[in-house]
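Note that the protein sequences, when read in sequence, are chains A and B.
Using this note's numbering, read the first sequence as starting at 23 and increasing by one per residue.
Using this note's numbering, read the second sequence as starting at 362 and increasing by one per residue.
Step one of this worksheet: look at the structure below.
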Amino acid sequence: MDILDALDALDRGGPEGAAILPSIAHHLDNPHMRQALACRLAMADGRDAEALAMFAQAALLGHAERSGFLGTLVQGRGAHRRAIAFLARNEVARTGCPVGALQGLLFYLLDARAWSMADIPWPLDNARLADPALPRMPPACRDVVARLIATGHAEGPPTPMAGGEIAPADGDALFNLARMLRPRRILEIGFAKGLSTLHLMAGAGDALERHTVVDPLQYSAYRRNGVRNVTAAGFGDKLRLIPAPSHVGLPRLLAAGEGFDLIFIDGCHSFETTLVDALYADQLSEPGTIVAFHDWTMEPVFAAIEFMRSNRYYGGLTAAHVLITRRNLARFNQEQAYVPFATLRGTEP
Amino acid sequence: MTAAQMIEALRDLDESRRQAALAVLGGPPAGLAGEPGLAALAADVALHQGREADALLLLGAIDVEDPSALAATSAVLAEIGAVRRVIALLERARRAGCDARLEALAGSLHHGIYNREFLIRDMPWPFDPARLGEPALPRMSPACRDVASRILTTGHAEGEPTPLTGGQIPAEDGDVLFQVVAGAKPRRVLEIGFATGLSTLYMLAAGSIESHTVMDPLQRSAYRLNGLRNVAAAGFDGKVTLIERPSNVGMPALLAEGHSYDMIFIDASHSFENTFLEAFHADQMAEPGALLVFHDQVMEPVQAVLEFLRTNRGYVGITHANVAILRRDTGRGNHEQQYVPFRTRKPPPG
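Written out as structure tokens, the structure is:
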């Protein structure tokens, strides 16, 4: 069995997890690495007190031993964030506590991950990003989308925020992106009336488990019309609204150990908020996560993307007003590798 | 709760505090804010009396789907200096599992902080720029001077030696920090990047700081808590709170908990992205007039961040040695319409 599959089995816990533990541990002569495997099994089985005791022991180890524990703790699919989520759920103290410090190191190591996508094919058939989305939506969703496109409004009381919806070609790109990627977890920054949300959710279809939207104005300026529209389209049970600015909401998701397969950034379009969104999207990404930006032709958005391209190794393509990217290379020690970047289109830095 | 009940609740509360609040508002708040403003005012009074449940009840009565009610609430809370207190209350409620509408109210207050508008005109620097180079060591207490001197000469003072020696600030940068604090007299300071705590000692030695929060995910592992040991040996035990988180997680948690600071010193990873995020979060936690201070201002990525703050966020600054001191003189809304391309490459010398 592949080591990643074996670790997955371990993290599912139960008798199968316990059965597979010795076969993985067999390859490890380091007791702290074996302890990390036992800790993972305890977390999977809901033996929280035992797992916390193992974290507490690991927190007091010397540097090399602790590194062995942490390295084995985070290895595999989603294990890193599961450990963070476990410690967050158990409310480890933020100050003055060795286990809290260990959790701080887990956040630190998230940023220090290294990977390359060189051998991973691009997951999309780019030629199909422009296929029309509307005919392929479920009827209830198509009805809401058609009304939004025609009048800028569907469900709920009228709001002063008219216009500003994404263009139909942008919606097609988002729908096809989600349909080809089949993400389980989507994060969207900027919700408004939910037109882009409907395209993403309809495209992702059954693969989607949860769609998280972040928008501080959903209640006030938009009178919850986005929520009403998504509900009328039949997707309400998969929607989670975080009614906060992204610089508050995204760090909260990171601190809770969440990760996403597709992230769409269409919030405030200032340079600072777009870059903050992009940097948190980066932290909330796994290798292969797609980060898409709306309005990439806007000057401040372009500049923020230019930083991500030149300094964080993001690459991709455009479809209408949507820029679809993924991080192709992750490596540590960014401060030594700074590259000045263009902050105005068509210029050199 | 009806509007009449809200007003009744305000009336029932402690008369002297109600009068004080009305005096701050310049008279009965009806003309300024209407009833939603009264609910916010009453909530803050209840909060002062330790009646958190009542405060949440009053805040819960605000219609978060009514933009004018939200605007009135924000205006009153800003007027009486209660925005961060109410944010802190709402964050506690959120963690305990409150109604989504209270969460939306907190989100709206954070949105208001990002979009706040202010103008500081012709305010002089709160320290003497000509004296930033004056030596600080002679003005420290003997215990503090002893610890600082040992770190300056050997890179190490209290605790076990660590492999990470030599990264501490030079004395001339410490002098700048000391003189800035001695002049500006900040009470609440946040420091990003702690290490052996030498910069912390220079700031604390100037005397005004009541609460100094330091953030460093490596303090326990790489630095073996030597920063805390040094601060304690210098006689500042009890003033320093250590947060063992990277800034991208730790700073937004402080913001969400309603903290704000008079001075924020940034000296952590120095990459453009981390320094930019730190500056962004610092900006959200700085009240008008607060100082943002950056170490290693000669580094190219740090200079790019400073250039952005100057050109796009209304900051003005001065530099001395390897320290840049900035203050935001203009806060304005609608940032996306006002983007100014900025220099990201360090200019050639001369």
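C-beta: ideal position from N, C-alpha, C; glycine also.
Helix, strand or coil at residue i [DSSP, three-state]
i	result
residue 261 (chain A)	strand
residue 363 (chain A)	coil
residue 362 (chain B)	Because the pLDDT at residue 362 (chain B) is just 44, under 50, the model does not fix this residue reliably, and the value given afterwards should be weighed accordingly. Residue 362 (chain B) falls in the coil class under three-state DSSP.
residue 223 (chain A)	helix
residue 704 (chain B)	coil
residue 557 (chain B)	coil
residue 629 (chain B)	coil
residue 371 (chain A)	coil
residue 83 (chain A)	coil
residue 25 (chain A)	helix
residue 505 (chain B)	helix
residue 354 (chain A)	coil
residue 693 (chain B)	coil
residue 72 (chain A)	helix
residue 307 (chain A)	strand
residue 194 (chain A)	helix
residue 392 (chain B)	Reliability of the predicted coordinates at residue 392 (chain B) is poor, the pLDDT of 40 falling under 50, and the value obtained from them is presented with this limitation in mind. Correct three-state label for residue 392 (chain B): helix.
residue 484 (chain B)	coil
residue 597 (chain B)	coil
residue 213 (chain A)	coil
residue 387 (chain B)	Residue confidence for residue 387 (chain B) is low, a pLDDT of 48 falling below 50, so the modelled location carries little weight; the figure read from the coordinates is stated next. In this structure, residue 387 (chain B) counts as coil in the three-state DSSP scheme.
residue 639 (chain B)	helix
residue 475 (chain B)	helix
residue 549 (chain B)	strand
residue 577 (chain B)	coil
residue 425 (chain B)	coil
residue 65 (chain A)	helix
Sub-8 angstroms separation of residue i and residue j beta-carbons
i	j	result
residue 177 (chain A)	residue 167 (chain A)	no
residue 673 (chain B)	residue 701 (chain B)	yes
residue 244 (chain A)	residue 215 (chain A)	yes
residue 192 (chain A)	residue 344 (chain A)	yes
residue 538 (chain B)	residue 563 (chain B)	yes
residue 528 (chain B)	residue 509 (chain B)	no
residue 262 (chain A)	residue 310 (chain A)	no
residue 613 (chain B)	residue 632 (chain B)	no
residue 657 (chain B)	residue 690 (chain B)	no
residue 567 (chain B)	residue 543 (chain B)	yes
residue 98 (chain A)	residue 24 (chain A)	no
residue 634 (chain B)	residue 301 (chain A)	yes
residue 101 (chain A)	residue 33 (chain A)	yes
residue 351 (chain A)	residue 283 (chain A)	no
residue 445 (chain B)	residue 408 (chain B)	no
Within chain A, partners of residue i - CB distance below 8 angstroms
i	result
residue 703 (chain B)	365
residue 578 (chain B)	123, 126, 127, 129 and 130
residue 603 (chain B)	117 and 118
Listed by chain order, chain A residues near residue i by CB distance under 7 angstroms
i	result
residue 706 (chain B)	362 and 371
residue 525 (chain B)	Going along chain A, no residue has its Cβ under 7 angstroms from residue 525 (chain B), so there is no contact; the nearest lies around 11 angstroms.
Interface partners of residue i on chain B, CB under 7 angstroms
i	result
residue 85 (chain A)	582
residue 154 (chain A)	The contacting residues do not exist; residue 154 (chain A) stays about 31 angstroms from chain B at best.
residue 262 (chain A)	Neighbours of residue 262 (chain A) on chain B: none; closest Cβ ~10 angstroms, over 7 angstroms.
residue 265 (chain A)	461, 464, 465 and 468
Contacts of residue i in chain B (Cβ-Cβ under 8 angstroms)
i	result
residue 243 (chain A)	428
Residues in the stretch 631-653 of chain B having any Cβ partner in chain A nearer than 8 angstroms: Result list: 631, 632, 633, 634, 635, 637, 638, 641, 642 and 645.
What residues from the stretch 323-352 of chain A come within 8 angstroms of chain B, judged by C-beta to C-beta, listed N to C? Those would be 325, 329, 333 and 334, in chain order.
Please name the residues in the stretch 410-433 of chain B whose beta-carbon is closer than 8 angstroms to at least one beta-carbon of chain A, in chain order. Taken in chain order, the members of the stretch 410-433 of chain B whose beta-carbon sits within less than 8 angstroms of a beta-carbon on chain A are 425, 426, 427, 428 and 431.
Three or more C-beta pairs closer than 8 angstroms, one from the stretch 622-639 of chain B and one from the stretch 585-599 of chain B: is that the case here? No, the stretch 622-639 of chain B does not touch the stretch 585-599 of chain B.
Along the stretch 109-128 of chain A, where does the CB come closer than 7 angstroms to a CB of chain B? Name the residues. If the cut-off is 7 angstroms between Cβ atoms, the stretch 109-128 of chain A has 116, 117, 118, 120, 122, 123, 126 and 127 near chain B.
Taking beta-carbon pairs under 8 angstroms, can you tell me which members of the stretch 456-467 of chain B lie near chain A? So the close ones are 461, 462, 464, 465 and 467.
Touching or not, the stretch 248-258 of chain A and the stretch 275-292 of chain A, by the rule of three or more beta carbon pairs under 8 angstroms? The stretch 248-258 of chain A, when compared against the stretch 275-292 of chain A, does not touch it at the 8 angstroms Cβ threshold.
Could you please tell me which residues of the stretch 656-678 of chain B, in chain order, have their CB closer than 9 angstroms to any CB of chain A? Against chain A - using a Cβ distance shorter than 9 angstroms - the residues of the stretch 656-678 of chain B are 660, 661, 662, 665, 669, 673 and 674.
Where the stretch 609-633 of chain B meets chain A: residues whose CB sits under 9 angstroms from a CB there: For the stretch 609-633 of chain B, which is checked against every Cβ of chain A, the residues closer than 9 angstroms are 609, 610, 611, 612, 613, 614, 616, 617, 630, 631, 632 and 633.
Quick test of the definition: if touching needs 3 or more C-beta pairs under 8 angstroms, does the stretch 132-146 of chain A touch the stretch 218-227 of chain A? Using a C-beta cut-off of 8 angstroms, the stretch 132-146 of chain A makes no contact with the stretch 218-227 of chain A, since fewer than three inter-stretch Cβ pairs fall below that distance.
Between the stretch 288-304 of chain A and chain B, which residues of the former have CB atoms less than 7 angstroms from a CB of the latter, in chain order? Answer set for the stretch 288-304 of chain A: 290, 291, 292, 293, 294, 297, 298 and 301.
Evaluate contact between the stretch 397-408 of chain B and the stretch 418-428 of chain B, counting only Cβ atoms and requiring at least three cross-stretch pairs below 8 angstroms. Judged by Cβ distances under 8 angstroms, the stretch 397-408 of chain B makes contact with the stretch 418-428 of chain B, as three or more pairs qualify.
Would you check if there are 3 or more beta carbon pairs closer than 8 angstroms linking the stretch 60-79 of chain A to the stretch 35-47 of chain A? Contact between the stretch 60-79 of chain A and the stretch 35-47 of chain A is present, because at least three Cβ pairs lie under 8 angstroms.
Residues in the stretch 267-279 of chain A having any Cβ partner in chain B nearer than 9 angstroms: For the stretch 267-279 of chain A, the beta-carbon criterion of a distance under 9 angstroms to any beta-carbon of chain B is satisfied by 267, 269, 270, 271, 272, 273, 274, 276 and 277.
Is the stretch 312-327 of chain A close to the stretch 289-297 of chain A, with three or more CB pairs under 8 angstroms? Yes, since at least three Cβ pairs between the stretch 312-327 of chain A and the stretch 289-297 of chain A fall closer than 8 angstroms, the two stretches touch.
On the three-pair Cβ rule with 8 angstroms, is the stretch 679-687 of chain B touching the stretch 512-519 of chain B? No, the stretch 679-687 of chain B does not touch the stretch 512-519 of chain B.
Chain A contacts from the stretch 466-498 of chain B (Cβ-Cβ distance under 8 angstroms): Across the stretch 466-498 of chain B, CB contacts with chain A closer than 8 angstroms involve 467, 468, 469, 471, 472 and 475, in sequence order along the chain.
Residues, ordered as in the chain, of the stretch 216-249 of chain A that lie near chain B by beta-carbon distance below 8 angstroms: Listed by position along the chain: 238, 239, 240, 241, 242, 243, 245 and 246.
Is the stretch 51-59 of chain A touching the stretch 82-96 of chain A in the sense that three or more CB pairs, one from each, lie closer than 8 angstroms? Touching, per the Cβ criterion.
If contact means a Cβ-Cβ distance below 8 angstroms, which residues of the stretch 87-101 of chain A contact chain B? Those would be 88, in chain order.
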